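To convert, take the position in the sequence shown, counting from 1, and add 3; that gives this note's numbering. What follows is a single structure, written as structure tokens, with notes after it.
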Amino acid sequence: MIARWVPKSWQRTVPEHLHQRGIWIKYLILAVIVVPALLGSQVSLYQYFEPFGTVFFLSPSPLLWLIAGGILAACVVVPRFYCRYACPLGAALGILALLSVRRIPRVEHCSLCSVCEQKCPTGAIRNEVVDFPECVRCNVCEVQLIKKTGVCGHDLDEIQPRLIQLEVESGV
Numbered sequence: 004m005i006a007r008w009v010p011k012s013w014q015r016t017v018p019e020h021l022h023q024r025g026i027w028i029k030y031l032i033l034a035v036i037v038v039p040a041l042l043g044s045q046v047s048l049y050q051y052f053e054p055f056g057t058v059f060f061l062s063p064s065p066l067l068w069l070i071a072g073g074i075l076a077a078c079v080v081v082p083r084f085y086c087r088y089a090c091p092l093g094a095a096l097g098i099l100a101l102l103s104v105r106r107i108p109r110v111e112h113c114s115l116c117s118v119c120e121q122k123c124p125t126g127a128i129r130n131e132v133v134d135f136p137e138c139v140r141c142n143v144c145e146v147q148l149i150k151k152t153g154v155c156g157h158d159l160d161e162i163q164p165r166l167i168q169l170e171v172e173s174g175v
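The structure is reproduced here in structure tokens:
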């Protein structure tokens, strides 16, 4: 959401090798929160990884404000930084996504136009492969493809002529 308020020139795409390492951070954070809770710890570590409570309840802890400020600063440069790399709830839902029977269908010609990959707000589609634990099923990829081609994204016989026509019209 912060990314909407800052100039696009400030935003950066995370290189693939850093993205692949970074997505594991939220699983580590989830483990740091869940394991002590399962072991009966009376200390809540969740407060250190959830910046919204710090902001809305005006926590006096300088460490919490530093963490919240760092996350907000990262969100300015990397869209959805917290959701993609630090959210423990997203990690838990990502684990559940592995068990889901509902997935975005891919066809062998999904590399035809790469609209889905370009429009995915969470970066879950990279190199024509959907990383389902990272996918939040927002359907932006599907909607954008339908908007561009005028048809469902997986009917290649209908899409291909429309994409060729769009390329001719745009001079690509």
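Every residue, glycine too, gets a C-beta built ideally from N, C-alpha and C. In this text, all values refer to a predicted model and were calculated from it rather than measured experimentally.
Put Val79 into one of helix, strand or coil per three-state DSSP.
In this structure, Val79 counts as helix in the three-state DSSP scheme.
For the candidate residues Asn130, Ala71, Gly73, whose alpha-carbon lies nearest to that of His20?
Answer by Cα proximity: Asn130.
How should Trp81 be labelled, buried or exposed, when 16 other C-beta atoms within 10 angstroms of its C-beta is the threshold for buried?
Looking at the sequence itself, residue 81 is Val, so the reference to Trp does not match. So Val81 ends up on the buried side.
Using a 10 Å radius around the Cβ and a threshold of 16 neighbouring Cβ atoms, would you call Lys11 buried or exposed?
That one is exposed.
Quick check on DSSP: helix, strand or coil for Arg105?
Three-state DSSP puts Arg105 in coil, outside helix and strand.
For Tyr85, tell me which candidate among Glu137, Leu41, Ser64 has the shortest Cα-Cα distance.
The residue with the shortest Cα to Cα distance from Tyr85 is Glu137.
Can you list, in chain order, the residues of its chain whose CB lies under 7 angstroms from that of Gly93, leaving out five sequence neighbours each side?
Excluding sequence neighbours, Gly93 sits near Lys29, Cys86.
Who are the Cβ neighbours of Val143 in its own chain at under 7 angstroms, not counting the five residues just before and after it?
Cβ within range, chain order: Lys122, Cys123, Pro124.
So, Val3 versus Leu96, is the Cβ gap smaller than 9 angstroms?
Limits of the chain in this structure are 4 at one end and 175 at the other, which puts residue 3 out of reach.
Locate the alpha helix (DSSP H) running through Ile32, then write down its first and last residues.
Looking at the DSSP string, the run of the alpha helix (DSSP H) that includes Ile32 is 28–41.
Using the Cβ count rule (16 or more neighbours within 10 Å means buried), how would you classify Val38?
By the 10 Å Cβ count, Val38 comes out exposed.
When the distance is taken between beta carbons, is Gly25 closer than 9 angstroms to Ser17?
Looking at the sequence provided, one finds Val at residue 17 rather than Ser. Going by C-beta atoms, Val17 is nearer than 9 angstroms to Gly25.
Are Gln23 and Val79 close, meaning C-beta to C-beta below 9 angstroms?
No; because the gap between Cβ atoms is not below 9 angstroms, this pair is not in contact.
Go through its chain and collect everything with a Cβ distance to Tyr88's Cβ below 7 angstroms, but skip five positions before and after it.
Once the five neighbours on either side are set aside, the close Cβ partners of Tyr88 are Gly25, Ile26, Ile28, Lys29.
If you run the structure through DSSP and keep just helix, strand and coil, what is Arg176?
The chain is shown from 4 up to 175; residue 176 falls before or after that span and cannot be answered.
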